[in-house]
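Okay, structure first, notes after.
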Amino acid sequence: MISQATKNTPEASKALNELCETYWNPVFRFLYREGRNKDESHELTQAFFSKILQKGSINNVDPSKGRFRSYLIGALKNFLSNQKRAEKCIKRGGNTVTLSLDSPPTDNSPELQLPDPSAEISDTTFDREWALTIMKQGLDNVKNSLDHKKLQRFETLKPWLTGDSSELSQTKAAAKLGMTPSAVKVAIHRLRQQFGNAIRQEIADTVNSEEEIQDELRYLIEVLKDC
Amino acid sequence: MVQEESNMKNNNEKNQSKCPQCNSTIPADAPSQLCPACVLNAVASSQINPSTNQNPNTPPSIQQLTPHFPGFEFEEIIGSGGMGAVYKAKQIQVDRTVSIKILSENFSEDPIFIERFEREARILGKLNHPNITAIFDFGVAGPYCYLLMEYVDGANLRQALETGNFSPSEALNIIQEICAALAYAHSKGILHRDIKPENILLDSKGHVKIADFGIAKLIGENQTNNITLTMQGSVLGSPHYMAPEQLETPDDVDQRADIYSLGVVFYEILTGELPLGRFPLPSQKANIDSRIDDIILRTLDRERQARYQNATEVITQVENIKNQPQDPNTKNNKPNSNQTENARFSLLAPILSGLSFTFLIATIYLSIALKTSFLKTILLIVSISLTSFCLIIGCLLAIRALSEIRKSNGQKNGTKGSIFSVTLFSTYITGAISAICISFTPVFIPIALIIWLITQALCARVLTRALSRWAKNTPPKNTEKTKPSIPKSLLLMLAFSALIPLSISLILFSVMSK
Chain A
0 MISQATKNTP EASKALNELC ETYWNPVFRF LYREGRNKDE SHELTQAFFS KILQKGSINN
60 VDPSKGRFRS YLIGALKNFL SNQKRAEKCI KRGGNTVTLS LDSPPTDNSP ELQLPDPSAE
120 ISDTTFDREW ALTIMKQGLD NVKNSLDHKK LQRFETLKPW LTGDSSELSQ TKAAAKLGMT
180 PSAVKVAIHR LRQQFGNAIR QEIADTVNSE EEIQDELRYL IEVLKDC
Chain B
0 MVQEESNMKN NNEKNQSKCP QCNSTIPADA PSQLCPACVL NAVASSQINP STNQNPNTPP
60 SIQQLTPHFP GFEFEEIIGS GGMGAVYKAK QIQVDRTVSI KILSENFSED PIFIERFERE
120 ARILGKLNHP NITAIFDFGV AGPYCYLLME YVDGANLRQA LETGNFSPSE ALNIIQEICA
180 ALAYAHSKGI LHRDIKPENI LLDSKGHVKI ADFGIAKLIG ENQTNNITLT MQGSVLGSPH
240 YMAPEQLETP DDVDQRADIY SLGVVFYEIL TGELPLGRFP LPSQKANIDS RIDDIILRTL
300 DRERQARYQN ATEVITQVEN IKNQPQDPNT KNNKPNSNQT ENARFSLLAP ILSGLSFTFL
360 IATIYLSIAL KTSFLKTILL IVSISLTSFC LIIGCLLAIR ALSEIRKSNG QKNGTKGSIF
420 SVTLFSTYIT GAISAICISF TPVFIPIALI IWLITQALCA RVLTRALSRW AKNTPPKNTE
480 KTKPSIPKSL LLMLAFSALI PLSISLILFS VMSK
């Protein structure tokens, strides 16, 4: 999907649009967590994506290298430092008090107490949001494919998506759903399979090759474990 | 966005739940309140393509197959192993989903194989049972030998097992259905030869469908020269599930080999492990009826004579357990004697046998005490007849009682009394033989008598054990070195009763006379 998005065709812009729509959340939540208020984060996210979509700065990315996640965080950092520079320019142009960034630590001016976004950006914070988005997309894909009855079944069986949980009784789930315990096992297996495929598909859209899917998955798990 | 904001609010609240899997706190912004790390971990550890990694031959791709199957739309590969690869496909004309098995090796050049393949497939195609995946068609398409089979929308037992072990009652249901399929196929003279969790499918309602009946033979026979090698080299699959004789003498197997594999599967779905080495009993690992242990031990006996002889026997045992559930708290105790009844005649038989003993004493007394007269003859005839009558009838009734106890799977009482009657009867017979033998060696009667008594006591013990095992319908324990059977112990008794006293006496007699 990335390689598709980097081409100069109408399909490409559509693909890019889709990608940006999906990953709007990690960017927004990342900015929010960085300490901005909601409106500011919203505005910045909007500005960031519109810049990407308009300028097509994605064309600077070599599709054979890197993942969409890495690209996006790189672009975001870039965007934020540009943004900061722009802000400074405005301030300078506005002839307000000019303060140097290289001021000695004894300088207690309020400007410097604000966190510097580009310096504070931690990749893991962003990557965690990214992992959660992938998971949510996977769950939504599965849910969207289910009819009303199966959706109820999904709600009962979803705890088993985390693995073999002995604390939960499949027998109780079976009684609740009016199925035999063996049928519940089959349903859990199929749900896991469907969800696994959805997650892999979701990740496949952000990496360049089949082989990278598993690596990316492992990476996202590590990120989630660390947080 | 609304949801997003509410998530954010939740994020600030600290009342968060814990993940049952990794016991860490589930972040409030986790989608569907599932632990994200565990969910993605479960995805990462699940197989991408079922069992393709075990397959030494790369299965043909859908693009390769499509030109040879014009009436079908291949959808995906759903599994591959030593026997071949299975594809999900749509049969366009009848608009149904089928699975197509492409045999692993390229046999289409081999006319002898083709002939046998078609012959075997025709037999397999006649298998018609709700618990066996049906074969609709078979043939050769281009370079591929294929079987067109029923598509089962579900999971195999291995995949189902990955979601957790089966409870005993689920396992019993599954074993019962597998046995029904096995009993049916065995009655048609077809062995499966490769029963393992991967070949046992569960449909979406949880019912069993056994796949790949007879395929192991189909492929295996073409490799007669290196069949053992290929089987152990796991090309044909699954040595852990194979009966000992199937690994040692693959040409000489019968339905009891399938029974063994069934036992392995039974053990595995209850415990999640294979019964390797000195494996713990299922009841030691979980709260499981000890009678299930008995079934599993018997199916897993190395000697096929000691296993259940057919799948119907297993069904009977499984039904017994299902119909009379054991209180899990007393699972390791024998059933309470107050709750179970005595087997018919199990009291009468030992009483009759005891009476026969009294009559025997009377007979001996009469023959010594009374002077020879008409009355003595009459009395002797009467007492001997009564002795024999009580003895024979007692023994017959005891056998009747024992078989009833066996039918109840050792639940009914009266085993000891009945065994006493049978043992007493055989002791009488061998005693009579011994008496005749000893009478030929009048010199050393005391020595012969002592030896006879000792050997009889030992033989009676062996017989008692054999009878008790038979009556309770239990396999010999692994710890027992000897596994006495009833005919063997009877022969032993006869041999000791007649031959040993006689020969010893004769030897001593000849030594002394010199």
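As they're listed, the protein sequences go chains A and B. Here the first sequence is numbered in numbering that gives the first Met the number 0, starting from 0 and rising by one per residue. Here the second sequence is numbered in numbering that gives the first Met the number 0, starting from 0 and rising by one per residue. Using N, Cα and C, we set each Cβ at its ideal position, and we do this for glycine too.
- The beta carbon of A:Ile72 does not come within 8 Å of any beta carbon belonging to chain B, so the residue lies off that interface.
- Cβ atoms of B:Ala182 and B:His191 stay farther apart than 8 Å, at about 12 Å.
- Judged by DSSP in its simplified three-state form, B:Gln32 adopts helix.
- An exposed status is given to B:Gln62, since fewer than 16 other beta-carbon atoms sit within 10 Å of its beta-carbon.
- Straight across, the Cα-Cα distance linking B:Phe135 with B:Phe419 is about 58 Å.
- Of the other Cβ atoms in all chains shown, fewer than 16 fall within 10 Å of the Cβ of B:Phe373; this residue is therefore exposed.
- By the beta-carbon neighbour count (other beta carbons within 10 angstroms, threshold 16), A:Asn36 is exposed.
- Between the C-alpha atoms of A:Glu221 and A:Phe125 there is a straight-line separation of about 13 Å.
- DSSP places B:Phe373 in the uninterrupted alpha helix (DSSP H) bounded by Phe373 to Lys406.
- Counting every other CB atom within 10 Å of its CB across the protein chains shown gives B:Pro35 a total of 16 or more, marking it as buried.
- Residues are counted here when their Cβ sits less than 8 Å from a Cβ of chain A; for the stretch 29 to 41 of chain B these are Ala29, Pro30, Ser31, Leu33, Cys34, Pro35, Ala36, Cys37, Val38, Leu39, Asn40 and Ala41, given in chain order.
- In the three-state reduction of the DSSP assignment, B:Thr96 falls in the strand class.
- For B:Glu149, the enclosing beta strand (DSSP E) starts and ends at Tyr143 to Glu149.
- For A:Leu219, the chain B residues whose C-beta falls within less than 7 Å of its own C-beta are Leu39, listed in chain order.
- Beta-carbon to beta-carbon, B:Thr362 and B:Leu379 are separated by about 6 Å, close enough to satisfy the 8 Å threshold.
- Using a 10 angstroms sphere on the CB of B:Ala397, the tally of other CB atoms reaches 16 or more, which defines it as buried.
- Of all residues in the stretch 168 to 191 of chain A, only Gln169, Thr170, Met178, Thr179, Pro180, Ser181, Ala182, Val183, Lys184, Val185, Ala186, Ile187, His188, Arg189 and Arg191 come within less than 8 Å of chain B when Cβ atoms are compared, listed by chain position.
- Check the Cα spacing between B:Asp253 and each of B:Leu147, B:Ser186, B:Leu462 and B:Phe508: the tightest is with B:Ser186.
- Burial check for A:His147: the Cβ neighbour count within 10 Å stays below 16, so the residue is exposed.
- A distance below 8 Å separates the beta carbons of B:Ile194 and B:Leu261.
- For B:Asp211, the closest alpha carbon among the candidates B:Ala256, B:Thr96, B:Phe165 and B:Val85 is that of B:Val85.
- Its Cα nearest to that of B:Gln158, the residue A:Gly162 stands out among A:Lys157, A:Trp129, A:Gly162 and A:Glu17.
- For the C-beta of B:Lys321, not a single chain A residue is nearer than 8 Å; the gap to the nearest is close to 14 Å.
- B:Ile113 sits close to B:Val139, with the two beta carbons spaced by under 8 Å.
- At least one CB of chain A lies nearer than 8 Å to the CB of B:Leu201.
- In this structure, the beta-carbon distance from B:Ile360 to B:Ala310 does not fall below 8 Å.
- Between the stretch 39 to 50 of chain A and the stretch 71 to 84 of chain A there are three or more C-beta pairs closer than 8 Å, enough to call the two in contact.
- Your pair B:Gly416 and B:Lys471 does not check out as a contact, with CB atoms roughly 15 Å apart and the cut at 8 Å.
- Judged by DSSP secondary structure, A:Phe29 falls within the alpha helix (DSSP H) whose first and last residues are Trp23 to Arg32.
- Contacts with chain B at 8 Å (Cβ-Cβ) include A:Trp159.
- By the 16-neighbour rule on beta-carbons within 10 angstroms, B:Met511 is exposed.
- Inclusion of A:Val183 and B:Leu201 in the CB contact set at 8 Å is not warranted, their separation being larger than that value.
- Put simply, of B:Gln304, B:Ala305 and B:Pro324 the residue whose alpha carbon is nearest the alpha carbon of B:Ile287 is B:Pro324.
- Below 8 Å, too few C-beta pairs join the stretch 18 to 25 of chain B and the stretch 191 to 205 of chain A to call them touching: fewer than three.
- A straight line joining the alpha-carbon of B:Cys389 with that of B:Lys411 spans about 24 Å.
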